[in-house]
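To start, the structure itself, in structure tokens.
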Amino acid sequence: MIRILIYIGVYYVFLFPLQAQNKQLLFNFREIPQQVMVNPGALIHQRGYVGVPFLSGVSAQFGSSGFNIYDLFADNGVNFNIKVQDVLYGLDRNDVVDVNEQWEILFGGFKGKGEANKNFYTFGIYQEFDLYNYWPEDLALLAYEGNANNVGRSYNLRDLNTQGEIFTTFHFGINRRVNKNLTYGARAKFYSSMIHLSSLRNSGTFITVPGTENIYSHNVIADMALNTSGYASLWDQDIDNAQELLRAIAPNSLFGGNYGLGLDLGFTYTPSSYWTYSASLTDIGMMWHMNDTESYTLKGAYNLEGIEFLFGEATDDDFLNQYWDDLKKELEEQLPLDTLSRNFASFRPVKFNGAVMYNFGNLNYRKTFECDCDIDDTGFENSVGLQLYAIKRPQHVNAALTAFYYRRIFNFLRGKVTYTVNPYTFTNIGLGISTHFANFNFYLLADNLLEYSNLAKANQAQVQFGFNYIFEGAR
Amino acid sequence: MMRPGHVFFWIGILIAGTLLNACIKDVDYDQMDDFVLSPDLELSLAYFEFLASDFDEDTNNDNSYIDSTQADLFSQDFFDQNLRAAEFTIVHINTVERAFQAEFVFKDQQGTPLYSVEVFIPPYDGNPQEVVTLIYFDESQIGILKNTFTISAKIELLPGNPPLTNSSDGAIKFQSSAIFYMQFE
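Sequences listed follow chains E and B, in order. The working numbering numbers the first residue of the first sequence as 1 and each following residue consecutively. The working numbering numbers the first residue of the second sequence as 476 and each following residue consecutively.
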């Protein structure tokens with residue numbers, strides 16, 4: 001079972017070598033309806049829109065701070081085990097692998113009734129896969145090297161730090177344009193978890209030191225837990241591959257019994273037509289796991305110097321003792337590995353997006369000719385600005401800074417170029433386009449373009465695309 | 476039966492994956508089959524200690540002790556499938572003014588000896604006598620360990636002088652550990 005999950009993780013990591021969750025190209029891209037998902041208080045110019053079901057929003061992102069696919073799988077004649085060794089000794093406990101995929105099933109938005117209405121409503125359903133994993137440095141080295149040449153080295157069990165889940169989100173948001181300077185919005189989210197695994201806040205050490213009675217003394221202190229939901233019931237099913245796993249968890253996508261609530265907040269402030277300030281907090285939320293839960297815990301302390309032979313004192317007629325069995329029992333008592341069913345809560349990673357944008361160029365862009373434009377054509381031709389993105393992860397807050405240039409190229413084509421600096425890379429250039437033909441909007445956003453000649457060498461990348469139908473008229 | 480929504484969902488993922496995969500070059504995932512994990516595990520094993528007085532020759536007719544334990548851990552999957560070689564370290568420290576002979580016998584489930592080792596421990600001569608014995612089971616011999624079901628240990632006082640009484644000084648100590656060379660493929 002774990003092998004299947006690893007397989008899925010690897011599948012995503014290698015097929016979707018994309019940085020997780022920073023949607024720097026989408027933020028403030030006002031022609032794209034999905035921009036409201038990153039900021040519920042975004043400026044919305046459309047009167048209404050509806051996404052093409054299942055194709056309105058697809059995004060896949062991957063980030064790995066310590067290595068890339070090429071480091072491991074380069075077809076260059078170097079022994080694979082040498083490559084593994086090089087990667088392994090180059091990683092530390094702050095390195096992360098971060099994979100995220102979102103798939104919109106349904107998406108739409110419409111202006112409230114009445115011309116004077118200040119509200120715009122959005123709704124939708126999407127599925128999400130999210131995996132976040134810190135490199136378990138000490139545990140990996142222990143598994144790789146063993147303890148034999150590491151007497152006196154203390155292995156930190158806290159290094160195990162991972163969360164992976166697949167879930168469905170139902171959302172409804174309100175965007176309110178208070179006046180021409182200020183828009184704010186909020187979105188309520190209802191999560192339905194399909195499968196969840198997490199092991200966070202572990203503690204403990206393992207160390208081998210010279211013993212007093214025997215040559216070595218092995219010492220473990222552990223307080224570890226792996227919480228799962230939607231997982232235990234899969235044991236009863238005959239699951240051999242990822243497709244079968246997905247089929248097995250699919251019924252949980254609507255009402256699997258493990259639910260959560262979330263909130264997105266955001267605003268846009270435009271003190272003048274030149275300057276725009278916007279910010280949002282998304283996925284302030286948690287999930288409660290009460291159904292099909294199984295937790296594996298390892299808690300206790302154990303010191304082992306070996307088996308003391310007692311000779312005459314406790315031997316039976318054949319001088320045969322069950323020292324080994326006794327040792328196992330003692331270990332199980334003092335350091336029990338328990339499987340329990342218990343309720344637990346998990347948190348969604350809260351994300352922050354903020355931007356300051358300066359608009360310039362021709363005002364009332366291309367209003368000089370007759371235009372039946374269905375898309376917004378007010379404002380300036382160009383915008384430049386800075387964006388800050390941050391996401392709360394178990395050990396750190398990860399942040400990225402983006403400089404961007406946005407341009408209205410033609411009536412039917414708008415573009416945005418970004419340069420993003422984050423812990424993974426300093427060479428991340430992104431390009432986004434939004435096109436508009438016959439009331440259909442299509443957008444394609446991709447970053448880390450310099451790496452597209454061979455994505456295997458990329459430490460992070462993302463791609464997003466989607467189709468929407470835009471109703472005529474402006475908000 | 477998969478719902479239509481999920482069919483679309485995963486078809487889309489496959490399309491996106493394929494598109495992105497097209498940009499991945501010069502890699503060979505089959506190398507993963509060559510992966511070998513080979514940690515060396517160090518583990519303390521058995522230990523014991525006898526005082527010189529335990530071999531009191533005034534009251535003891537028998538001048539040896541023997542004990543054995545079931546030790547079928549090597550035949551369990553974890554070791555049976557992945558143990559490549561093993562090295563045992565046996566340490567005797569003698570502070571008794573008499574020599575000892577130790578014997579360790581590895582037996583299979585039927586009680587047939589598979590392997591034995593004898594160690595001579597010289598008498599204390601003013602300095603503790605430390606005898607270190609290394610036993611290495613290489614890949615051709617590791618089957619012995621995997622078939623082992625019991626291990627017995629015997630310690631015997633060798634004839635000599637001075638005679639040991641219940642007030643004799645010193646002790647004979649036994650300590651052991653092993654390095655298990657594992658190989659997971």
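All C-beta atoms, glycine included, are put in the ideal place defined by N, C-alpha and C. As the structure is a computational prediction, the values presented were derived from the model and not from experiment.
Amino acids of chain E, ordered along the chain, whose beta-carbon sits closer than 8 Å to that of residue i
i	result
V571 (chain B)	Within chain E, no residue comes near V571 (chain B); the closest Cβ sits about 16 Å away, beyond 8 Å.
Residue i: first and last residue of the uninterrupted alpha helix (DSSP H) it sits in
i	result
F73 (chain E)	I69 to F73
Y89 (chain E)	F80 to G90
K621 (chain B)	I617 to K621
F255 (chain E)	N252 to F255
N557 (chain B)	D552 to N557
Q243 (chain E)	A242 to I249
Closest by C-alpha distance to residue i, when choosing among the options
i	options	result
I565 (chain B)	B:F523, B:L589 and B:Q616	B:F523
I409 (chain E)	E:N398, E:D92, E:G152 and E:N362	E:N362
I647 (chain B)	B:E605, B:I610, B:L620 and B:Y590	B:E605
Y469 (chain E)	E:G48, E:K299, E:P349 and E:L25	E:G48
T122 (chain E)	E:F352, E:L26 and E:R176	E:R176
I654 (chain B)	B:Q545, B:D537, B:D613 and B:E532	B:D613
N156 (chain E)	E:I166, E:A222, E:N179 and E:E165	E:A222
M357 (chain E)	E:L335, E:N382, E:A345 and E:T169	E:N382
Q464 (chain E)	E:G430, E:Y89 and E:A474	E:G430
H45 (chain E)	E:N119, E:I105 and E:N79	E:N119
D292 (chain E)	E:N181, E:A148, E:R342 and E:L388	E:R342
L263 (chain E)	E:R187, E:L142 and E:E128	E:R187
L337 (chain E)	E:R348, E:P349, E:E294 and E:L304	E:E294
E631 (chain B)	B:A521, B:A527 and B:S519	B:A527
R158 (chain E)	E:M224, E:E165 and E:F110	E:M224
F510 (chain B)	E:S56, E:F404, E:V78 and E:F67	E:V78
Coil, strand or helix - residue i by DSSP
i	result
G114 (chain E)	coil
A672 (chain B)	With chain B represented from 476 up to 660, any question about residue 672 (chain B) goes unanswered, as that position is not in the structure.
E333 (chain E)	helix
W135 (chain E)	coil
G390 (chain E)	One detail in the question is off: residue 390 (chain E) reads as Ala in this sequence, not Gly. Strand at A390 (chain E).
Q163 (chain E)	strand
R475 (chain E)	coil
Y7 (chain E)	In this prediction, Y7 (chain E) has a pLDDT of 48, which is less than 50 and means its spatial position is unreliable; what the coordinates show is noted afterwards. Helix at Y7 (chain E).
N147 (chain E)	coil
G23 (chain E)	Correcting the residue identity first, residue 23 (chain E) is Lys in this sequence and not Gly. Coil.
F369 (chain E)	Unreliable positioning characterises F369 (chain E) in this predicted model, as indicated by a pLDDT of 46, which lies under 50. A coordinate reading is not provided.
I375 (chain E)	Its pLDDT being 49, under 50, I375 (chain E) is placed unreliably by the model, and nothing is read from it.
K457 (chain E)	helix
M677 (chain B)	Chain B is shown only over 476 to 660; residue 677 (chain B) falls outside these bounds and no answer can be derived.
P33 (chain E)	helix
D533 (chain B)	coil
T315 (chain E)	Confidence at T315 (chain E) is low in this model, with a pLDDT of 49, below 50, so the placement of that residue is unreliable and no value is reported for it.
S273 (chain E)	coil
L200 (chain E)	coil
Q462 (chain E)	strand
K328 (chain E)	helix
L639 (chain B)	coil
S341 (chain E)	coil
Partners in chain E for residue i, counting only beta-carbon separations shorter than 7 Å
i	result
K582 (chain B)	What K582 (chain B) touches in chain E: nothing, since even the nearest Cβ is about 10 Å away.
F510 (chain B)	F80, N81 and V84
Q506 (chain B)	F73 and F80
DSSP bridge partner residues for residue i (one or two, in chain order)
i	result
K416 (chain E)	E:Y406 and E:G432
S513 (chain B)	Beta-bridge pairing links S513 (chain B) to no other residue.
A186 (chain E)	E:I174 and E:L265
K351 (chain E)	E:T282 and E:I391
I565 (chain B)	B:T608 and B:S651
E524 (chain B)	B:K648
V421 (chain E)	E:L401
Q102 (chain E)	E:S59 and E:E128
Chain-ordered neighbours of residue i on chain B, where CB pairs are closer than 8 Å
i	result
W135 (chain E)	Within chain B, no residue comes near W135 (chain E); the closest Cβ sits about 16 Å away, beyond 8 Å.
D325 (chain E)	Q545
E145 (chain E)	P514 and D515
Contacts of residue i in chain B (Cβ-Cβ under 7 Å)
i	result
T205 (chain E)	Under the 7 Å cutoff, chain B gives no residues; its nearest Cβ is about 17 Å from T205 (chain E).
Y452 (chain E)	C498
L310 (chain E)	D542
Terminal residues of the beta strand (DSSP E) in which residue i lies
i	result
T297 (chain E)	T293 to L304
F440 (chain E)	F440 to A446
N477 (chain E)	Chain E is shown only over 1 to 475; residue 477 (chain E) falls outside these bounds and no answer can be derived.
S65 (chain E)	Careful: S65 (chain E) lies outside any beta strand (DSSP E) and carries neither H nor E.
heavy atom of the ligand PLP below 7 Å from residue i C-beta
i	result
F267 (chain E)	With respect to small molecules bound, the structure shown includes none, and the ligand PLP cannot be examined in it.
Under 9 Å by beta carbon: chain B residues contacting residue i
i	result
Q322 (chain E)	T544 and Q545
Within chain E, the residues that residue i reaches when beta carbons sit closer than 9 Å
i	result
T564 (chain B)	I215
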